[in-house]
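Chains as they are written, first to last, in the working numbering: chain A, 5 to 359; chain B, 5 to 359; chain C, 5 to 359.
All C-beta atoms, glycine included, are put in the ideal place defined by N, C-alpha and C.
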Amino acid sequence: MRRFIDLAELSRVQVLALLALAARLEQRPEPQALAGKILGLLFMNPSLRTLASCQAAMARLGGSSFVITPGAGTWQLETREGAVMDGSVAEHIREGLPVLASYCDALGIRSFADGKDLAADLGEHKFNAMARLIDKPLINLESAANHPCQALADWKTLDDLGIPQRGKLVLCWAYHPRPLPLAVPAATLHMAAMRGMNVTILRPEGFALPAAILEKARRAAADAATGVGGAGGVRDAGGAGAGAIHETSDVREAMSGAHVVYVKEWAGTARYGDEAADAAARRAARHWCLNEDWFAAAPPACRLMHCLPVRRNVAIADALLDGPRSVVLRQAYNRLPAQMAVLHDLLSPAETATR
Amino acid sequence: MRRFIDLAELSRVQVLALLALAARLEQRPEPQALAGKILGLLFMNPSLRTLASCQAAMARLGGSSFVITPGAGTWQLETREGAVMDGSVAEHIREGLPVLASYCDALGIRSFADGKDLAADLGEHKFNAMARLIDKPLINLESAANHPCQALADWKTLDDLGIPQRGKLVLCWAYHPRPLPLAVPAATLHMAAMRGMNVTILRPEGFALPAAILEKARRAAADAATGVGGAGGVRDAGGAGAGAIHETSDVREAMSGAHVVYVKEWAGTARYGDEAADAAARRAARHWCLNEDWFAAAPPACRLMHCLPVRRNVAIADALLDGPRSVVLRQAYNRLPAQMAVLHDLLSPAETATR
Amino acid sequence: MRRFIDLAELSRVQVLALLALAARLEQRPEPQALAGKILGLLFMNPSLRTLASCQAAMARLGGSSFVITPGAGTWQLETREGAVMDGSVAEHIREGLPVLASYCDALGIRSFADGKDLAADLGEHKFNAMARLIDKPLINLESAANHPCQALADWKTLDDLGIPQRGKLVLCWAYHPRPLPLAVPAATLHMAAMRGMNVTILRPEGFALPAAILEKARRAAADAATGVGGAGGVRDAGGAGAGAIHETSDVREAMSGAHVVYVKEWAGTARYGDEAADAAARRAARHWCLNEDWFAAAPPACRLMHCLPVRRNVAIADALLDGPRSVVLRQAYNRLPAQMAVLHDLLSPAETATR
Chain A
5 MRRFIDLAEL SRVQVLALLA LAARLEQRPE PQALAGKILG LLFMNPSLRT
55 LASCQAAMAR LGGSSFVITP GAGTWQLETR EGAVMDGSVA EHIREGLPVL
105 ASYCDALGIR SFADGKDLAA DLGEHKFNAM ARLIDKPLIN LESAANHPCQ
155 ALADWKTLDD LGIPQRGKLV LCWAYHPRPL PLAVPAATLH MAAMRGMNVT
205 ILRPEGFALP AAILEKARRA AADAATGVGG AGGVRDAGGA GAGAIHETSD
255 VREAMSGAHV VYVKEWAGTA RYGDEAADAA ARRAARHWCL NEDWFAAAPP
305 ACRLMHCLPV RRNVAIADAL LDGPRSVVLR QAYNRLPAQM AVLHDLLSPA
355 ETATR
Chain B
5 MRRFIDLAEL SRVQVLALLA LAARLEQRPE PQALAGKILG LLFMNPSLRT
55 LASCQAAMAR LGGSSFVITP GAGTWQLETR EGAVMDGSVA EHIREGLPVL
105 ASYCDALGIR SFADGKDLAA DLGEHKFNAM ARLIDKPLIN LESAANHPCQ
155 ALADWKTLDD LGIPQRGKLV LCWAYHPRPL PLAVPAATLH MAAMRGMNVT
205 ILRPEGFALP AAILEKARRA AADAATGVGG AGGVRDAGGA GAGAIHETSD
255 VREAMSGAHV VYVKEWAGTA RYGDEAADAA ARRAARHWCL NEDWFAAAPP
305 ACRLMHCLPV RRNVAIADAL LDGPRSVVLR QAYNRLPAQM AVLHDLLSPA
355 ETATR
Chain C
5 MRRFIDLAEL SRVQVLALLA LAARLEQRPE PQALAGKILG LLFMNPSLRT
55 LASCQAAMAR LGGSSFVITP GAGTWQLETR EGAVMDGSVA EHIREGLPVL
105 ASYCDALGIR SFADGKDLAA DLGEHKFNAM ARLIDKPLIN LESAANHPCQ
155 ALADWKTLDD LGIPQRGKLV LCWAYHPRPL PLAVPAATLH MAAMRGMNVT
205 ILRPEGFALP AAILEKARRA AADAATGVGG AGGVRDAGGA GAGAIHETSD
255 VREAMSGAHV VYVKEWAGTA RYGDEAADAA ARRAARHWCL NEDWFAAAPP
305 ACRLMHCLPV RRNVAIADAL LDGPRSVVLR QAYNRLPAQM AVLHDLLSPA
355 ETATR
């Protein structure tokens, strides 16, 4: 593995190898595996879990890290090609990124969606432009339409909890006061499809995911079902209709038979970039704040997932988050071993899990 | 020791063991004692000494640390139970804190007083709510009404300077343009009482410390005098009236016979949370800016202490801060060995000073 | 070497020893040379390269670092002597700096020019006041009128590229929307003079460098030519007129025969501190945005240097920055080995290159 920017760039076998490595590092620490190695971390947007867990992951493996935060200690970085930089932004990514890469052994970058042009965000124009500037191992710490570190950790959480590979995952929209990016729903959908799960997307009318995200996930689901994309196709029999992806706004239909409900807030794509229209559409769906009632048709063992941060009593009610269905802290904890595996694979001279 | 959040949770013997460990680590460094260990640092308020010395302490012992600063690289954290989070705050401490704790071996938290509800601040409602969420060793980096790292460092400074255990410490109010928290006066008073000192609180009318703080300190003084709270009661004879705590607004009376004057700014508790009334009361006392004249009745060897940061020529005059009485830099330096001892005790697998 | 705050404090032989050490560390890493050592970093102004490369340099040598950023996690620091601190600034450098120094083995400080009083900035009043407060090895991470880390890295870049010691360097002014400090032009000029180069300063009328900077550089040039300032005078014959420094606003004259053009934006010194007058003068020179046309009279192999960050299409055109003349990324990369050499020399117990 030369970079970790999209689960779709890896075969299913490679992902399974990373998960095995994560589990191994949990059981048998390797406190010197990355001795002397340096991870550079560039956060163009705020972070809590990613910021802390990436530094902790390097430290747990004997390496170190530095953090660059434009807007807090460092100036903003211009990303537009050909910009005439006579405004407030002091440096262009064309210099800033290769320079940072030259000081470290691997670079992690967080750069959220602009939220204005859906095609540009889905096409990862900005992140890809940055990736092209870097000749070191690169980790996507959340881009416009992807969040592979979260997806890998979530896959591990599903495994840890014994959720069947062909189990049913409901990707459920929830209300948020602002139009959040598509990164996590896209990454979650892809992960679940690649894992072989039967996915139902539950969302209000007007909040369907873009066709490009669905098509990409369906290809991953088909590969998982047939074992294409390397060996390691789904062979267990945890559920019917493995690899199916469909959408609904019917709560009862979605929840029926669900092994896990993954809640996430996201912007309406029909009105993408139109803040006023999007806000109006979201306000009309502000009753999409999950509580136990939503699980009436779900099995008692059905789990609640969310990538965090979550707006309590806005997206999910207190009692549900604090109740026995919730595995959100387990998900967050798994960011650490998942990223340790990614870093180990990218940087350890002795071994590579995915090559 | 499982956590270090209040000197009052430790016996006098345990504190003396920490001080001995601090002195030992100063003399005989242990650069690998905490190899592989990670300290998470959460600063909900600004810091200079604590931020730098905690990182340095881990590094001196072979460990590492990460820093999370809500408002600079990370969003703000909601602390109110049951909040409907439809405002600007993105994450609740109920998720944020356990997640951070899961990435490290010990967590340090700074969270100042809200300054609105005296009972809530004195009761440490916010800090205790955070502490309950964390199942790892926890360090209080200054809460609403406590600052045990500062208190331990100050005790070490008093020892280093040979201030008698039963010596006289004057806790002296000084002017500040804003109503500062009670954390340091409360921690200083408790530390001095626990050490066995004779304490005089010198402050203008209207700035008496709350009864709860005085009572807690008097219990500590009584325990120190009698050797209750473990062995190690005060046995030296450095001063008369060991363990006495009283208040005055008479400078001459307070300064007479003082071994050390600990200057600190704090809000008036009679008008706590009422900014306008508090500001008026403080303005009336703005001549409480200490200079050498204040020491007319004090012995020549009487020392000046302050936890820093200090407003020069507002709380203390330049000449006094830069003069021979001042030991403020020694106090600040002692944060490092004091915290090394705390971290060593909490995290070293080989040894615990306080168990 | 006890501190690294001005190339002029070192003999030419000492600088050559640092450069040899930098080259050696590039070839033969010493991952444990500074094990257990701590570098404190205080950034009173924003940074990208310095912030990242200083942390990376310590990590590459087995040490660690902490970062203090007033305004982001830490309050602002007062620098004025005798200030009555009743405003928003919470701490004075008289406490803050010795305290930070007491937690580390070496301290690096960035503190830009105030841009108001030319004599104060050229005299380094603020940085020198800070330096006097610190009894540990000190590194200047850019002061009002100096940037020795950049200068050392640039000297290494010139060596790496085989630019003759007596080659011709053009220090070329470029437009910037704000009046930038004199630190880099002053440091570049001094470095080139000390290296033995023939320097032409190309700038519009009204943007001449101050006489004090020119005179200091001319002394360095004279020392380099004669071998004064230690052995190691310039002995190669890479160009005529070694050590000459002159100024012009004639592009053709300047560019003729140039080995390298070092572009930098700086404030007009005639109107120093007068924002409106300075802005008017700069606006009149906004056509000083370098592109390939400017190199019409220069040899094909003439290189383009800039310390970064650079305003694309404002100071330098895209095509020139992305073209074969540009070595700006090499310059930035060399910050890492140059600072590793400085830190190694200041902190390694085993060896000192410059003593």
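Would you call the CB atoms of residue i and residue j closer than 8 angstroms?
i	j	result
ALA196(A)	VAL188(A)	no
THR161(B)	ARG334(B)	yes
ALA87(C)	ARG316(B)	yes
ALA262(A)	CYS293(A)	no
VAL93(A)	LEU81(A)	yes
ALA117(C)	ALA148(C)	yes
TYR107(B)	ALA56(A)	yes
ASP349(C)	MET5(C)	yes
LEU25(A)	ALA345(A)	yes
VAL331(A)	LEU165(A)	yes
LEU184(C)	TRP298(C)	no
ILE249(C)	ARG207(C)	no
GLY112(C)	LEU45(C)	yes
PRO102(A)	GLY66(A)	no
LEU126(A)	ALA37(A)	no
TRP159(A)	VAL314(A)	no
Compare the C-beta of residue i with all C-beta atoms of chain C and state if any pair is closer than 8 angstroms.
i	result
ARG16(A)	no
SER68(A)	yes
VAL318(B)	yes
ASP254(B)	no
ALA117(B)	no
GLN343(B)	no
PHE131(B)	no
For a cutoff of 8 angstroms on Cβ pairs, would you count residue i as touching chain B?
i	result
SER352(C)	no
PRO313(A)	yes
PRO102(C)	yes
ARG53(A)	yes
GLY242(A)	Residue placement at GLY242(A) cannot be trusted, given a pLDDT of 41 that sits under 50; what the coordinates show is reported in the next sentence. False, the Cβ-Cβ gap to chain B never drops below 8 angstroms.
VAL332(A)	yes
GLY112(C)	no
ASP322(A)	yes
HIS96(C)	yes
PRO328(A)	no
PRO35(A)	yes
PRO181(A)	yes
Specify, as a first and last residue, the run of the alpha helix (DSSP H) that residue i falls within.
i	result
ARG287(B)	279 to 288
TYR266(C)	Unbroken run through TYR266(C) is the beta strand (DSSP E), 264 to 268; no alpha helix (DSSP H).
ARG334(B)	332 to 351
LEU325(A)	322 to 325
So, is the C-beta of residue i closer than 8 angstroms to a C-beta in chain A?
i	result
PHE47(C)	yes
TYR395(C)	Residue 395(C) lies beyond the range of chain C shown here (5 to 359); nothing can be said about it.
GLY233(B)	The predicted model places GLY233(B) with a pLDDT of 49, which falls under 50 and marks its position as unreliable, so this point remains unresolved.
THR78(C)	no
Starting from residue i, follow the beta strand (DSSP E) in both directions and report where the run begins and ends.
i	result
PHE70(B)	68 to 72
GLU251(A)	249 to 252
MET309(A)	307 to 309
Please look up how many angstroms separate the CB atoms of residue i and residue j, rounded, as I've assumed it's under 8 angstroms.
i	j	result
ARG7(A)	SER51(A)	Contact doesn't hold; Cβ gap of about 20 angstroms is too wide.
ARG307(B)	ARG286(B)	No, ARG307(B) and ARG286(B) are not in contact; Cβ-Cβ is about 26 angstroms, not under 8 angstroms.
ASP109(A)	LYS130(A)	Not really, about 24 angstroms apart at Cβ, beyond 8 angstroms.
Whole beta strand (DSSP E) elements within the region 161 to 212 of chain C, 3-residue minimum:
172 to 177 and 202 to 206
Length-filtered (4 minimum) alpha helix (DSSP H) runs lying within the region 26 to 96 of chain B:
53 to 64
Whole runs of the alpha helix (DSSP H) within the region 104 to 128 of chain A, excluding any shorter than 4 residues
Within the region 104 to 128 of chain A, the complete alpha helix (DSSP H) runs of at least 4 residues are 122 to 126.
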